[in-house]
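Protein chains: 2
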Amino acid sequence: MNELVFVGLGLNDECGITVKGLEETKTADAIFMETYTSLMPSFSLQRFEELCGRKVQMVTRRMLEEENGKVILDAAKTGKTVFLVPGDPFIATTHVTLRVDAAKHGIKTRIIHGISIISVIVSLSGLHNYKFGKTVTVPFPENSSETPYNVIAQNKQLGLHTLCLLDLNAAEKQFLSVNQAVGMLLKIEEKNRKGIFTPETPTVGIARAGSDNPTLKADFAGQLAGFDFGEPPYSLIVPGDFHFMEVDSLIAFAGAPEAFRRLSK
Amino acid sequence: MNELVFVGLGLNDECGITVKGLEETKTADAIFMETYTSLMPSFSLQRFEELCGRKVQMVTRRMLEEENGKVILDAAKTGKTVFLVPGDPFIATTHVTLRVDAAKHGIKTRIIHGISIISVIVSLSGLHNYKFGKTVTVPFPENSSETPYNVIAQNKQLGLHTLCLLDLNAAEKQFLSVNQAVGMLLKIEEKNRKGIFTPETPTVGIARAGSDNPTLKADFAGQLAGFDFGEPPYSLIVPGDFHFMEVDSLIAFAGAPEAFRRLSK
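Protein sequence lines, in the order shown, are assigned to chains A and B.
Just so we're aligned, residue 1258 is where the first sequence starts under the numbering used here, counting upward by one.
Just so we're aligned, residue 1258 is where the second sequence starts under the numbering used here, counting upward by one.
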């Protein structure tokens, strides 16, 4: 049957895919994969091909963005085609256009979801899901913007936590570090002086979420700016109001200082 | 090695687990599972035991909440113990206490993440992740509260979408339906008259997210209240401001009426 199945690879390595996703891949007539929208630090194409017993064709940003995924759509017109994407296929909006285009060509589409950074970060942190506000991406310094600071301010006013995704360019192996992101936010604070993100602001940095050896460190921003998180990728949480159980969790699993206890309500 | 590994089962059936999660289960000395915090409509314990080639011990809410998970902690003191949880192990806060208790007993813990409803709903809807505000749960009518209405109001004021998780009691097979949730919100509107949730409010209902046959329907609340979503579980999104690509996606994949085009900015 001709159809296009978007399959999430999950995080970190070739075993982050679901059993269902792997089964769908094994039975596909054509298999494509992109790895430019995110970094999977321990992923090996060779090991993945051994796991599914099939050859996988890598697609580039150019093939998707300039050629509108023609190679994938052409395959999906004649047989079952799987397109493998890091994380979940549609949490970033990058591939929504390809799905809409497929529908316009009369190609049936399905989604096999993958583990996404947006739920993994919440889960790892021990912070309460229903206390997160709007998510924001912190861009590289050359695209610096006050948007992340303003989103944090808006969320804090409502007592909510902010998940900050840190920009990356997987193809160029460039990753905004937690230290850089904290530094950029402190600089905006120095200019704005609204008390939103000072060296005394509690923060949680995360490296390699979804891997076997994630680094999680909770501390005041002034301290976190100097912490060594090791290898990428990175994320940052700027908490709003704390529940005491959230503080317990950060002390037990993120090395938060005891002083965090004074912050909980 | 003695340790406690929390493994997410993902959604829907026994194949929602990751390859990594399945491997960890195969090599455990003891395996426990709970299925009371969520509904996995097509999950079969027998098929799961065949998949991992091992026997799994089911734990009840009482064993975890009244006996503080003693049976699991005892096993983890003497060998590698896997605790299987629907979705991701820590998106609901239910099991955070068990993890903190394990740490107090000097038991090492690890997390193998699972696919969570909170990312799957965003992915399925085609709405933009960074435009979601705070998430809220709509309780059963007997616990009715204005909190969901107020959270929707707060998010809308900021132009943000609201993900409404609909209450469920998996053990009793009770599920708040999209129709009930919409009805409850319309009633609160009738009382408050703030124009937050009227019959003309755009809404997106979702049933069986993460399964092979999810139902997705976007329509105005007055219409959605009468739509047949089939079998549970259910979720509801109340969108804030629309980007035109979000509307394209809802028309292509959620049967949204063309009138939605007038709503995008």
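Glycine included, C-beta positions come from ideal geometry on N, C-alpha and C.
Beta carbon proximity, A:Val1461 to chain B, threshold 7 Å: no
Per-residue contacts from B:Val1353 into chain A (C-beta, under 7 Å): Gly1383, Met1502, Ser1506
Min CB distance B:Phe1347 to chain A below 7 Å: yes
Cβ-based burial, A:Pro1331 [other Cβ within 10 Å; buried from 16]: Note that residue 1331 of chain A is Asp in the sequence shown here, rather than Pro. The residue in question, A:Asp1331, is exposed, as its Cβ has fewer than 16 Cβ neighbours within 10 Å.
Distance between A:Ala1516 and A:Gly1383 (C-alpha atoms, nearest Å): 18 Å
Beta bridge counterpart(s) of B:Asn1426 as assigned by DSSP: B:Gln1431
Own chain partners of B:Leu1417 with C-beta closer than 7 Å, once the 5 adjacent residues on each side are dropped: Lys1388, Phe1389, Gly1390, Gly1497
B:His1370: contacting residues in chain A (beta-carbon distance under 7 Å): Ile1372, Val1377, Ser1380, Gly1467
Assigned exposure category for A:His1352 - 16 Cβ within 10 Å defines buried: buried
Residues within the segment 1299–1316 of chain A neighbouring chain B, beta-carbon criterion of under 8 Å: Leu1308
Interface residues of chain B facing A:Cys1272 [CB-CB closer than 8 Å]: Thr1275, Val1276, Lys1277, Glu1280
Helix, strand or coil at A:His1418 [DSSP, three-state]: strand
Where B:Glu1209 falls, given that 16 or more other Cβ within 10 Å makes a residue buried: No statement about residue 1209 of chain B is possible, as the shown extent of chain B runs from 1258 to 1522 and does not include it.
6 Å Cβ shell around A:Ala1478 - same chain, five flanking residues per side excluded: Val1439, Pro1456, Thr1458, Thr1460
Minimum Cβ-Cβ distance from A:Lys1283 to chain B less than 7 Å: no
Contact the segment 1267–1279 of chain A vs the segment 1294–1304 of chain A: 3+ CB pairs below 8 Å: yes
Reference B:Gln1314; option with closest CA among B:Arg1304, B:Phe1340, B:Leu1308: B:Phe1340
Contact between the segment 1365–1372 of chain B and the segment 1314–1330 of chain B (3+ Cβ pairs under 8 Å): no
Exposure of B:Pro1346, with buried meaning 16 or more beta-carbon neighbours within 10 Å: buried
Minimum Cβ-Cβ distance from A:Asn1386 to chain B less than 7 Å: yes
Cα-Cα separation, A:Leu1406 to A:Tyr1491: Correcting the residue type first, residue 1406 of chain A is Tyr in the shown sequence and not Leu. Their Cα atoms are separated by approximately 18 Å.
Proximity test, Cβ basis, 7 Å: B:Gly1267 and chain A: yes
Residues bridged to A:Val1264 (per DSSP): A:Leu1341, A:Ile1369
Selection of the segment 1402–1428 of chain A by Cβ proximity to chain B, strictly under 8 Å: Gln1411, Leu1415, Leu1417
Under the three-state DSSP convention, the category B:Phe1477 falls into: strand
Cut-off 6 Å between Cβ atoms - residues of its own chain near B:Phe1397, not counting five sequence neighbours on either side: Asp1424, Leu1433
Those residues which DSSP pairs with B:Gln1314 across a bridge: B:Phe1289
Extent of the continuous beta strand (DSSP E) to which B:Ser1492 belongs: 1491–1495
A:Pro1398 in three-state terms, based on DSSP: helix
Neighbour-count burial assignment, B:Phe1501, 16 or more Cβ in a 10 Å radius: exposed
Range covered by the beta strand (DSSP E) that runs through B:Ala1464: 1459–1464
Beta-carbon separation (whole angstroms), B:Gln1411 vs A:Leu1415, contact threshold 8 Å: 7 Å
Terminal residues of the alpha helix (DSSP H) in which B:Cys1309 lies: 1302–1309
Pair within 7 Å by beta-carbon distance, A:Ile1409 and A:Thr1419: yes
B:Val1393 - partner residues in DSSP beta bridges: B:Cys1421
Contact set between B:Leu1393 and chain A, taken where Cβ atoms lie within less than 7 Å: A quick correction: the sequence has Val, not Leu, at residue 1393 of chain B. Simply Tyr1387.
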